[in-house]
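These protein sequence lines map, in sequence, to chains P and Z. Using our numbering, the first residue of the first sequence is number 118, and each one after it goes up by one. Using our numbering, the first residue of the second sequence is number 118, and each one after it goes up by one. All C-beta atoms, glycine included, are put in the ideal place defined by N, C-alpha and C. One structure below.
Protein chains: 2
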Amino acid sequence: MSKILRINTREKTYSFETPAEDIAGLGGRALTSKMILNEVPATSHPLSKYSKLIFAPGLLSGSPAANSGRLSVGGKSPLTGGIKESNSGGLVSQKLARLGIKALVLEDKPEDDRFSMVVIKKDRVEFLAADEYVGVCNSDMITKLWDRFGKRVATASIGVAGEQRLTSASIQFADPKGHPGRAAGRGGLGAVMGSKKIKAIVVDDKGTDRVPLHDPDAFKAANKKWVELLTSHPVSGQGLPAYGTAILVNVINEAGALPTKNFRTGRFENAQDISGETMAANIEKRSGVATEGCHPGCVIKCSQVYNDKDNNYLTSGFEYETIWAFGAHCLIKELDDIAMLDRLCDDLGLDTIETGVTMGIAMEGGIIPWGDGKAAIELLKKVGTGDPMGKIIGNGAAFTGQALGIDRVPVVKRQALPAYDPRAVKAVGVTYATTPMGADHTAGYGVCQNILGVGGSIDPLKKDNNVAISKTLQIATAAIDAAGLCLFVAFPVLDNPEGLQMIVDMINARYGLSLVVDDVTTLGISILRDELEFNRRAGFTPKDDRLPDMFKEPFAPHNTTWDFTDEELAEAVKF
Amino acid sequence: MSKILRINTREKTYSFETPAEDIAGLGGRALTSKMILNEVPATSHPLSKYSKLIFAPGLLSGSPAANSGRLSVGGKSPLTGGIKESNSGGLVSQKLARLGIKALVLEDKPEDDRFSMVVIKKDRVEFLAADEYVGVCNSDMITKLWDRFGKRVATASIGVAGEQRLTSASIQFADPKGHPGRAAGRGGLGAVMGSKKIKAIVVDDKGTDRVPLHDPDAFKAANKKWVELLTSHPVSGQGLPAYGTAILVNVINEAGALPTKNFRTGRFENAQDISGETMAANIEKRSGVATEGCHPGCVIKCSQVYNDKDNNYLTSGFEYETIWAFGAHCLIKELDDIAMLDRLCDDLGLDTIETGVTMGIAMEGGIIPWGDGKAAIELLKKVGTGDPMGKIIGNGAAFTGQALGIDRVPVVKRQALPAYDPRAVKAVGVTYATTPMGADHTAGYGVCQNILGVGGSIDPLKKDNNVAISKTLQIATAAIDAAGLCLFVAFPVLDNPEGLQMIVDMINARYGLSLVVDDVTTLGISILRDELEFNRRAGFTPKDDRLPDMFKEPFAPHNTTWDFTDEELAEAVKF
C-alpha cells in the first residue's frame, strides 16, 4: 500500500507512514483537503510552523490511464486565508505514484534562513543544501537539476517570489521538455514552500516498477474506450490540440464576456491580435511546437512551445487565462509581450492570473499606462529584486489595490477573478463567489454550458439554473481532481455519460474495488464539505461568498449585472 | 434641536437634516456607530462611494463640563474592515456642538482627483478648491488655515498618507496652540477622508451662542463637583499632569508588561531613557510646556510640548503608546528620535501606534536594523513620496508583514496591538481580542485594575475575572465616548461611584432629561451591540476575536502565556 512521506523541514528528517483509515482510499485533492482539514489549525498563519504543504498524486496517477498525471498541491493559502488545492501537470505526480508515495507532506519550518532541497529516490530521501540556488529562476533551476540528477527526474521548484514568500508565488513543475511551464499557480502555495525554505523537490523514480494494476485486462479495456472518448470529442480532440486554451480568446470575446480594462466591458477591440488563431500562426511561422502534453500519457495536448520572432524559445503552456489577464484586462495587444510576461511569471514563480490582474490594478492606480506591454514587463521584473514595488506586485491584486488605495479590485476571498466576466457567464460567476478556493474558474467551469454548449446549454446572462450547474460542476471537478485526471476530460464526459463509467472502471481495475458512478458524486461532495469546513473554521462566512460591488455595474455589450441574491448564493454552498 | 449636516462630496452639496427618532438622543460614539450601522452597507469597500465618514461631538461637548471636548469619528475602517470609532481631542467637537451640528457626515466620492475642503460657518457651508494644499503636511496645513480663516477656527486635516488612502492614515486636529498633535489615529479613517477627496474641514463657530443649558444652576453644581473629582485623584490630578501618559513607561516596564522587540519580552533595558520622567526633565531643560490640555475645558492636561536640544518645537501630544511603539517595540532608546518619529506621523497623518508597530515589523524583516532611530526616521519619510516602500509602511503592520513574508505580526482584526502585553495585562488582552475596534487598549483599559490599582485590583497574570472586567470597561468606555468625555475621567470615576452620577446630572441638566446611572450602562451596551452587529454583517466571526499564535510563547519575566479558551472569549462579546 502507498505511504505518506512526511518531511520535517526544521529537523531535516523524514518518515514514511501508513495512511490512517479515513484517508487510505483517497488521492489527489480528496487527500490534500482531508489532511489539511485534519492537521492544520485553520486559524494558524499560512507561513508559520503550524502550516503544512502537501503534494498528492491522484488515484489514477502513475497508471496508464490517459490524462491521469495531474498533481494536487494542498495547503492553507497565504493569499486567501482559506484552504487551497492547486492543480498542476508536470512529472511529479506520476513519479510519486510509482515510488508508492500517496502524499508528500512538508511540515514545520527552519529557524534559520538557509534553503534546502529534497531529493526523493526509491530507497531514500536526501536533504541537500540549496544556498547556491537561491535567486535562481525556475527555468535555470530545472536545467541545473537535470544536469545534476539526470533528465528523468521530476522537479518542483519555487522562484524568487516563493523564496520571498510573496502571496502570489507559484510552485513550478518541469514539463516533459524541461520547461517550467506547469504551475500550481493559484493561492500562493509557493510562499508556503518558501516559508519552509525548500527551494526544490526532485523526484527520481529510477528503479521502480510500473504501478500495480489489480486487473490489467479490465484496465486496458476501459482505458482504450477512454482514449477514444477523449480524442473523438470536438473540444478535447480537435479545438484544444489545434489552438490550446487560447482558442477561447475569440470565443469569449464574441460572447461579450471577455473582461476588458479591469472588467469594464466584455469586448476587446484587439482580441484578434491575442487570439489562439494568431498564436497558432506565430507558432507555425516561428518553428514552435503547436501541440504537446503537460505530462506523459496526455492525449489532448493543449500545451505548446511559443517562440519569438527569431525562432528562439519564449514560453510554453501559454494559456488563455494568462493571455486574457495581461491582454484584454490590461489592454495589451502585443502577443509577444504577453508571452514574455508569461515567461517571467514562470521564471519568477508567480501565478499568471493573479499577476496579470494585479498588473491591471497597477494601471488603474497610474503606476504604468494602460496597454503598455513593455512597461508591464519592466514592472514585473522588479519582483524579487528587493525593490518594494516588486513586493507589492508579487502579493497580488487585493494587496496592490490596498497599496494604491483603489476600491475597484476584482477579487473573491482576496483571489483575483479569472478570464470570464461573471455578469456574462453567470454559472462561472457562481463558482467564483462560492467555491472555497476563492475566485477560480477551474473549480466549476460553467463556461461549458453557458458558452460552449458542452453538457447542455444554459443562458449565460440569466440566473436560471446557473447555481445548480455550478454546484454540479464543482462536485464533478473535485472528483476529477481526486482521480488525478486533467480537468479537460470533463468536456467529453459531460457530453457522454459513459465517460464516468470508464473512470470508475479504471479505478476499480487499478485497486480491485467495486465503485459505482454514484460514488463519484459522493466523493466530490465529501471533498467540498471538507474544504468548506476548513474555511468555516478559519472564519469564513457567507459574506465571503460574494462578488465585490464593482459587479453591480451593467456590463456591455449585454448590459447584464451580477444579480444573485444572498439566498441564491447560500444555496450554492449547500452540499 | 441639533441637526445632521450631510455633505455630498461628489456633488459638492450639503443639507441639514433633523435627526430621526432613533438617533435623536445620541451623541459621540453612540451616534457614529448607530449611523454607520444604519447607513453603510457592511460589506462595501471602505474607500468606495458607499462608505461614509461621520464626525460627532459627544452629548456634553460644547458645554462647560470639564473634559467634555472629545470628538468621535466613525466609519468602516479600511484597516480592519470593521466598524471604527476613533476618538480625538482638538477643537472641532466643541465648535460643531456650538453650531448645533450633531453629526457631520461625508458621503459619496468624487469621480475626479481634485481635492476640496469644507468650511462650516454659522450661516453656511462652503466647498473650496484645495489643490494648492495637496501634499502639505498637517502642521503647515494648520498654519495656512489659521492664516486664511483666523486662529479661532477648528481644523481637521489629512496628510499625504490620507491623500494616498493608506490604511494607517489618521485625521489630525489642531490643538489649542495650533499643533497637529491630536489625532483620530486608529483604523485608517484618514484614508476614508482621502477617498472622498477632502483635504481639510474648517469649523468656524463665530457668531454662535454658548450651547443652551436646560438647567444652568444644576449643571454648574454638578460640574463643580466633577472638576473636584478629576483634580483630586492621584492619576488624573497628579500623575498625568506631571508626566503625561509617558508616566507609564516605567510603570509598565516594572510590571514586566512592556512589549519589547516585537513582543519578545516584557522589560526594555533602556526604559529609563524613554520614560515620562526623562521626558519631563527634557521639557524643563528645553523650555517646553510640561502640561496642557488637548481641548479647552480640560482640567487633566496630560499633553505637553516637547522641544529639541536647541529649544525648538519638536512635537506635542507625545503619548506613552507612541513612545512604546517606536521605543521598546523597536529597541530605539533615543527619546528625541522617537519624538521626531511622532512629529513625522502627525505631519504625514499616520497613526503612531500602527506605524510604530509596523516599523518593528520592518526591522523583523531586515529592512532596517533593530534599534536604529535614524534609519526609522528615514524609512518613515518615504511615506507619501511615491516610493513604494512608503506605501507598504503606510498600510500598517499586517500589510507590511505580508509584504515581507513575516508570520510574527501582532495584530487583531489586522490592527496592531498597543503598548501592553496581553500575557502580562490579561484584562487588556481580552479587550484587544474582543472589542469590535480591533486591538485597541482604549476600548476597555484593563490596565486600571491589572496594574494601576484603580477601580480595584485584579491579577494581571491570571485569567480570573479579567473577562468580566474587560466587559465592564468596554461598556463604560463606550458610554464615556458617547458623552464626549476624555477617557481619563475613568480613573476617578472607577474609584468613586459618585462620578457617574455627576456625569448623569450634567447630561440631565444640559438636556432636561431624567436619566439615572443605570442608563449609562444601558447606553454602553447598546453601542457595543451596534458595533458587533456591523462587524457580524461585515463577515466577522468569533475567529476574529483571537490573538495571533505568537502569544502562545511564554513571556518573560513572568513567563505567562495567552491562555483564554474560545468559550471564555465568547463570553466577552456577549452584551
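Contact between S433 of chain P and H296 of chain P holds, with the beta-carbon distance rounding to 4 Å and staying under 8 Å.
Interface criterion met: the Cβ of T160 of chain P is under 7 Å from a Cβ in chain Z. Cβ neighbours of E685 of chain Z within its own chain (closer than 6 Å, five residues either side excluded): V584. Sorting Z:A308, Z:I470, Z:V564 and Z:A493 by C-alpha distance to the C-alpha of V528 of chain Z places Z:I470 at the top. Listed in chain order, the non-local C-beta contacts of G555 of chain Z below 6 Å within the same chain comprise T197, V529, K530 and Q532, local neighbours out to five positions each way being set aside. Straight across, the Cα-Cα distance linking T658 of chain Z with A442 of chain P is about 33 Å.
For E138 of chain Z, the enclosing alpha helix (DSSP H) stretches over residues E138 to A141. At a C-beta separation below 9 Å, S312 of chain P has these neighbours in chain Z: G522 and D524. Of all residues in the segment 273-285 of chain P, those with a C-beta nearer than 8 Å to a C-beta of chain Z are Q281, R282, L283 and T284, reading in chain order.
Beta-bridge partners assigned by DSSP to R299 of chain P: P:F290. Taking the beta carbon of K660 of chain P as reference, the chain Z residues within 7 Å of it are T160, A655 and G656, listed in sequence order. A residue is called buried when at least 16 other Cβ atoms come within 10 angstroms of its Cβ; T135 of chain Z does not meet this threshold and is exposed. When the five nearest sequence neighbours on each side are left out, the beta carbons in the same chain lying within less than 7 Å of the beta carbon of Y628 of chain P are those of H331, in order along the chain. Annotation for G477 of chain Z: the continuous alpha helix (DSSP H) segment containing it runs T469 to E481. By the Cβ test, the segment 290-304 of chain P is not in contact with the segment 520-527 of chain P, since fewer than three Cβ pairs between them sit closer than 8 Å. The beta carbon of W263 of chain P sits closer than 8 Å to the beta carbons of V270, T272, A291 and G295 from its chain, once the five residues preceding and following it are set aside; these are given in chain order.
Residues of the segment 478-511 of chain P with a Cβ closer than 7 Å to any Cβ of chain Z, in chain order: P505, M506, K508 and I509.
Under the DSSP definition of a beta bridge, M623 of chain P lacks any partner. In this structure, F385 of chain P keeps its C-beta atom at 7 Å or more from the C-beta atom of A301 of chain P. Here the alpha carbons of C462 of chain Z and F608 of chain Z stand approximately 28 Å from one another.
Within the same chain, L604, V606 and A607 come within 7 Å of I597 of chain Z by CB-CB distance, once the 5 residues on both sides are set aside.
For E481 of chain Z, the closest alpha carbon among the candidates Z:M457, Z:Q519 and Z:V209 is that of Z:Q519. The way I'd put it, the segment 480-496 of chain P does touch the segment 450-466 of chain P; three or more beta-carbon pairs between them come closer than 8 Å.
Non-local beta-carbon contacts of D425 of chain Z in its own chain, meaning distances under 8 Å to residues more than five positions away in sequence, involve R403, L431, D453 and A456 in chain order. In the three-state scheme derived from DSSP, where H, G and I count as helix and E and B as strand, N512 of chain Z is classed as coil. With 16 or more other Cβ atoms inside 10 Å of its own Cβ, T149 of chain P counts as buried. Relative to the Cα of I440 of chain Z, the nearest Cα in the group Z:E394, Z:G405, Z:I417 and Z:V416 belongs to Z:E394. If you draw a straight line from the Cα of M667 of chain Z to the Cα of G191 of chain P, it is about 24 Å long. The Cβ of D622 of chain P sits no closer than 7 Å to any Cβ of chain Z. CA-to-CA, the gap between T475 of chain P and G507 of chain Z works out to about 19 Å. For M234 of chain P, the enclosing beta strand (DSSP E) starts and ends at S233 to I237. When the beta-carbon positions are compared, P553 of chain P and N652 of chain P come within less than 7 Å of each other. Taking 8 Å as the upper bound for CB-CB distance, A550 of chain Z and R663 of chain Z are in contact here, some 6 Å apart.
With a threshold of 7 Å between beta carbons, S132 of chain P makes no contact with chain Z.
If you look at F435 of chain Z, you'll find it isn't in any alpha helix (DSSP H); DSSP assigns it neither H nor E. Inter-residue distance for G483 of chain Z and G503 of chain P is about 11 Å (C-alpha atoms, whole angstroms).
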